[in-house]
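Engineer: Using numbering that gives the first Met the number 0, you'd call the opening residue of the sequence shown number 0 and step up by one each time.
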Amino acid sequence: MTAIPPDINFKKELKKISKSSLNECMQCGTCSVVCSLAPEEKPFPRKEMFWASWGQKEKLIANADVWLCHQCGDCSTHCPRGVKPADVLSAIRQMSYKNYARPKFFGSLLAKPALLPIAILIPVIIIVVILLMAGTFTIPEGPVNYSRFFPHAWLNGSFTLITFVIYGLAASGILRFRKDLQSNFQGLKAKTGFFKSLLQVKNEILLHSKFGNCTTQKSRKIAHFLVFYGFIILLLVTAYAIIAAITHNYPLGLTNPFKMLGNAAALMLTLGLGIMIFNRLFKKDKTGKSNYADWLLLISFFLLTISGIVVQLARLQNWGPAYHLYFFHLVCVWFVIIYLPYTKFAHMIYRILALSFAHSIGRDSPD
Ligand code: SF4
Ligand code: SF4
Numbered sequence: 000m001t002a003i004p005p006d007i008n009f010k011k012e013l014k015k016i017s018k019s020s021l022n023e024c025m026q027c028g029t030c031s032v033v034c035s036l037a038p039e040e041k042p043f044p045r046k047e048m049f050w051a052s053w054g055q056k057e058k059l060i061a062n063a064d065v066w067l068c069h070q071c072g073d074c075s076t077h078c079p080r081g082v083k084p085a086d087v088l089s090a091i092r093q094m095s096y097k098n099y100a101r102p103k104f105f106g107s108l109l110a111k112p113a114l115l116p117i118a119i120l121i122p123v124i125i126i127v128v129i130l131l132m133a134g135t136f137t138i139p140e141g142p143v144n145y146s147r148f149f150p151h152a153w154l155n156g157s158f159t160l161i162t163f164v165i166y167g168l169a170a171s172g173i174l175r176f177r178k179d180l181q182s183n184f185q186g187l188k189a190k191t192g193f194f195k196s197l198l199q200v201k202n203e204i205l206l207h208s209k210f211g212n213c214t215t216q217k218s219r220k221i222a223h224f225l226v227f228y229g230f231i232i233l234l235l236v237t238a239y240a241i242i243a244a245i246t247h248n249y250p251l252g253l254t255n256p257f258k259m260l261g262n263a264a265a266l267m268l269t270l271g272l273g274i275m276i277f278n279r280l281f282k283k284d285k286t287g288k289s290n291y292a293d294w295l296l297l298i299s300f301f302l303l304t305i306s307g308i309v310v311q312l313a314r315l316q317n318w319g320p321a322y323h324l325y326f327f328h329l330v331c332v333w334f335v336i337i338y339l340p341y342t343k344f345a346h347m348i349y350r351i352l353a354l355s356f357a358h359s360i361g362r363d364s365p366d
């Protein structure tokens, strides 16, 4: 067996993000025993704690097991050394999607607080340039009508194009992650193909079935459920709105079923995100330590949701600063949707890939 030299920089960054003292771990294994999601064979997170203390970047960065963890915090609660393995696994997940981010620039841009002003400025500049090209970069007179400020064809066309280009670039990194998952588990052969495995883990993804196994943070399942489905419903409603805009049936009336569905989704998101923010602020002993990536996702998504509700009210009530609020909302939309592969939101993609891969090699968490 070849010894892999420790990556000291990786270890330093892991310590910084997880805010955990990795060397305090005495390898007692309590964390793996209390974890209700760890498989019986080679359970996590004890082995990950060992690799972390030895700076074994390659073993951790493309490790399906860290994605089987739902950060319930049970292991941290019971760790006799107060090491917080749940926070360590969470930090490894963040370092994983940053490592596979393509172009790499976006990964760094969204990972460093000092670069946040640039991350915000990029969408601001691009939106202004598109408005200048459309010739509508002025506040229109008369009743509020957002399409006179940002014509639908320009809005839908430019955002769809930019999203596809960025997601296309990000896909190369995500595919490399899947390839590395396979090389990290060379001893185990896939028993089922990717799409079949994906279908087999659909309940876990759609029903959040494994979340219910956690005992330390019960409310996490409800909050994730609300955010997950609120987001999916909003995506579907947005797709319908784009079609409606093309067929000149826009904006949708308040009693339109899709509009009502969209507003219900906004409420689900507000509630789900509100629970998450509350838990991170006031239940720190259970949620673990929150870091920049946690707050960036929660705050940007919360601002997107709230600004969407306010922008609707502003249109209905003809508020003076309606177009300024709309501009702010568009920047929030960009931040959450177009930067998705580079923020904690990327969990959605990486976790689904890792879950289906783990299933394909027979490495499932217990039910
Ligand atoms: S992280 Fe804590 S519980 Fe887990 S092996 Fe180390 S000391 Fe034991
Ligand atoms: S946070 Fe929960 S799911 Fe993750 S390793 Fe610890 S006990 Fe297991």
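By construction, the Cβ of each residue, glycine as well, lies at the ideal position given by its N, Cα and C atoms.
If you count every other CB in all the chains shown that lies within 10 Å of the CB of Phe194, and 16 or more means buried, which is it?
Structural biologist: For the purposes of this step, residue 194 is taken as the residue at position 195 of the sequence shown. Phe194 comes out exposed.
Engineer: Tell me the rounded alpha-carbon separation between Ile336 and Ile305.
Structural biologist: The residue you call residue 336 lines up with position 337 of the sequence shown. The residue you call residue 305 lines up with position 306 of the sequence shown. Distance between the alpha carbons of Ile336 and Ile305: 15 Å.
Engineer: What distance in whole Å lies between the Cβ atoms of Gly287 and Ser75, which are believed to be in contact at a cut-off of 8 Å?
Structural biologist: By one-based count along the sequence shown, residue 75 stands at place 76. By one-based count along the sequence shown, residue 287 stands at place 288. Contact holds; Cβ gap of about 6 Å.
Engineer: Is it the case that the CB of Thr76 approaches a heavy atom of ligand 1 more closely than 6 Å?
Structural biologist: Position 77 of the sequence shown, counting from 1, holds the residue named residue 76. The answer is no for Thr76.
Engineer: Please classify Gln316 as buried or exposed, where buried requires at least 16 other C-beta atoms within 10 Å of its C-beta.
Structural biologist: Counting from one through the sequence shown, the residue named residue 316 turns up at place 317. Its Cβ having fewer than 16 others within 10 Å, Gln316 is exposed.
Engineer: Using the rule of at least 16 other Cβ atoms within 10 Å of the residue's Cβ for burial, across every protein chain shown, is Asn22 buried or exposed?
Structural biologist: In the sequence shown, counting from the first residue as 1, residue 22 sits at position 23. Classification of Asn22: exposed, given that the 10 Å Cβ count is below 16.
Engineer: Of all the options Ser19, Ile241 and Phe327, which has the alpha carbon lying nearest to the alpha carbon of Val159?
Structural biologist: Here residue 159 corresponds to residue number 160 of the sequence shown, with the count starting at 1. Per the sequence shown, residue 159 should be read as Thr rather than Val. The shortest Cα separation from Thr159 among Ser19, Ile241 and Phe327 belongs to Ile241.
Engineer: For the alpha helix (DSSP H) containing Phe194, list its first residue and its last residue.
Structural biologist: Here residue 194 corresponds to residue number 195 of the sequence shown, with the count starting at 1. Per DSSP, Phe194 belongs to the alpha helix (DSSP H) from Phe193 to Gln199.
Engineer: What's the gap between the Cα of Phe281 and the Cα of Gly72?
Structural biologist: The residue labelled residue 281 in the question sits at position 282 within the sequence shown. The residue labelled residue 72 in the question sits at position 73 within the sequence shown. Phe281 and Gly72: Cα-Cα distance of roughly 15 Å.
Engineer: In the structure shown, what three-state DSSP assignment does Val143 receive?
Structural biologist: What you label residue 143 is simply residue 144 of the sequence shown in a count that begins at 1. Coil at Val143, not helix or strand.
Engineer: Quick one: residues in its chain with C-beta nearer than 7 Å to the C-beta of His69, no 5 flanking neighbours on either side, listed in chain order?
Structural biologist: The residue labelled residue 69 in the question sits at position 70 within the sequence shown. Excluding residues within five positions, the ones whose Cβ falls inside 7 Å are Leu36, Lys209, Phe210 and Cys213.
Engineer: Less than 7 Å between the beta carbons of Val355 and Val200, yes or no?
Structural biologist: To locate residue 355, count along the sequence shown from 1; it is residue 356. To locate residue 200, count along the sequence shown from 1; it is residue 201. Position check: residue 355 holds Ser in this sequence, whereas Val was assumed. Yes; because the gap between Cβ atoms is below 7 Å, this pair is in contact.
Engineer: I want to check one thing, is the minimum distance from the CB of Ala85 to the heavy atoms of ligand 4 below 6 Å?
Structural biologist: Ligand 4 is absent from the structure shown, which contains only ligand 1 and ligand 2.
Engineer: Where does the unbroken alpha helix (DSSP H) through Met368 begin, and where does it stop?
Structural biologist: Since the first residue shown for the chain is 0 and the last is 366, residue 368 is missing from the structure and cannot be characterised.
Engineer: Who are the Cβ neighbours of Phe334 in its own chain at under 6 Å, not counting the five residues just before and after it?
Structural biologist: Numbered from 1 along the sequence shown, position 335 holds the residue referred to as residue 334. So the qualifying residues of the chain are Ser299.
Engineer: Between which residues of its own chain and Phe136 is the CB-CB distance below 8 Å, once the five residues before and five after are set aside?
Structural biologist: By 1-based counting over the sequence shown, the position of residue 136 is 137. Contacts found: Val127 and Leu130.
Engineer: Please report the distance separating the alpha-carbon of Arg175 from that of Asn62.
Structural biologist: As a first step, residue 175 must be located in the sequence shown, where it is residue number 176. As a first step, residue 62 must be located in the sequence shown, where it is residue number 63. About 13 Å.
Engineer: Quick one: what does DSSP say Pro250 is sitting in, helix, strand or coil?
Structural biologist: Along the sequence shown, one-based indexing puts residue 250 at 251. Coil.
Engineer: Taking 7 Å as the CB-CB cut-off, is Leu120 touching chain B?
Structural biologist: Going by chain labels, chain B is absent from the structure shown, which holds only one protein chain.
Engineer: Tell me whether the region 24-33 and the region 43-50 touch, counting them as touching only if at least three CB pairs, one residue from each stretch, are closer than 8 Å.
Structural biologist: Cβ pair count under 8 Å is three or more, so yes.
Engineer: Assuming Ile360 contacts Ala189 under a Cβ cut-off of 8 Å, what Cβ separation, rounded to an integer in Å, is found between them?
Structural biologist: Taking the first residue of the sequence shown as position 1, residue 360 is located at position 361. Taking the first residue of the sequence shown as position 1, residue 189 is located at position 190. About 6 Å; that satisfies the 8 Å criterion.
Engineer: Using only the heavy atoms of ligand 1, determine whether one of them is closer than 6 Å to the beta carbon of Cys331.
Structural biologist: As a first step, residue 331 must be located in the sequence shown, where it is residue number 332. No - ligand 1 has no heavy atom lying nearer than 6 Å to the Cβ of Cys331.
Engineer: My assumption, with CB atoms under 8 Å, is that Trp376 sits in contact with Pro5. Please give the rounded CB distance.
Structural biologist: Because residue 376 is not part of the residues shown, which for the chain are 0 to 366, the question remains open.
Engineer: Using the Cβ count rule (16 or more neighbours within 10 Å means buried), how would you classify His346?
Structural biologist: Taking the sequence shown and counting its residues from 1, the one referred to as residue 346 is at position 347. With 16 or more Cβ atoms within 10 Å of its Cβ, His346 is classed as buried.
Engineer: What separation, rounded to the nearest whole angstrom, lies between the Cα atoms of Phe227 and Leu272?
Structural biologist: Locating residue 227 in the sequence shown gives position 228, counting from the first residue. Locating residue 272 in the sequence shown gives position 273, counting from the first residue. If I take the Cα positions, the gap works out to 10 Å.
Engineer: Any heavy atom of ligand 1 closer than 6 Å to the Cβ of Arg175?
Structural biologist: Your numbering for residue 175 matches position 176 in the sequence shown. For ligand 1, not one heavy atom lies less than 6 Å from the Cβ of Arg175.
Engineer: Using the rule of at least 16 other Cβ atoms within 10 Å of the residue's Cβ for burial, across every protein chain shown, is Val32 buried or exposed?
Structural biologist: Mapped onto the sequence shown, residue 32 falls at position 33. Answer is exposed; the Cβ neighbour count stays below 16.
Engineer: Is DSSP giving Leu218 helix, strand or coil here?
Structural biologist: The residue given as residue 218 occupies position 219 in the sequence shown. Looking at the sequence shown, residue 218 is not Leu but Ser. Helix, per DSSP.
Engineer: Compare the beta carbon distance of Ile173 and Ile348 with 7 Å and say whether it is the shorter of the two.
Structural biologist: As a working mapping, residue 173 is identified with position 174 in the sequence shown. As a working mapping, residue 348 is identified with position 349 in the sequence shown. Yes, these two residues count as a Cβ contact at 7 Å.
Engineer: Does the beta-carbon of Ala113 have 16 or more other beta-carbons within 10 angstroms, so that it is buried, or is it exposed?
Structural biologist: Indexing the sequence shown from 1 puts residue 113 at position 114. Ala113 should be labelled exposed.
Engineer: Please return the same chain residues whose Cβ sits closer than 6 Å to the Cβ of Tyr341, not counting the five positions on each side in sequence.
Structural biologist: One-based indexing of the sequence shown puts residue 341 at position 342. Counting only Cβ-Cβ distances below 6 Å, and skipping sequence neighbours, we find Ala100, Phe105, Gly106 and Leu109.
Engineer: Hey, would you say the C-beta of Cys34 is under 6 Å away from at least one heavy atom of ligand 2?
Structural biologist: Sequence index remark: in the sequence shown, residue 34 carries index 35 (1-based). For ligand 2, at least one heavy atom lies less than 6 Å from the Cβ of Cys34.
Engineer: Over what stretch of residues does the alpha helix (DSSP H) that includes Leu107 continue unbroken?
Structural biologist: If you number the sequence shown from 1, residue 107 lands on position 108. For the record, residue 107 in the displayed sequence is Ser; it is not Leu. Counting along the chain, the alpha helix (DSSP H) containing Ser107 begins and ends at Lys103 to Leu108.
Engineer: Going by alpha carbons, who is nearest to Leu120 out of Leu352, Asn290, Gln55 and Cys331?
Structural biologist: For the purposes of this step, residue 120 is taken as the residue at position 121 of the sequence shown. Of Leu352, Asn290, Gln55 and Cys331, the residue nearest in Cα terms is Cys331.
Engineer: Applying the 10 Å Cβ sphere with the 16-neighbour rule, what's the burial state of Val87?
Structural biologist: The residue labelled residue 87 in the question sits at position 88 within the sequence shown. So Val87 ends up on the buried side.
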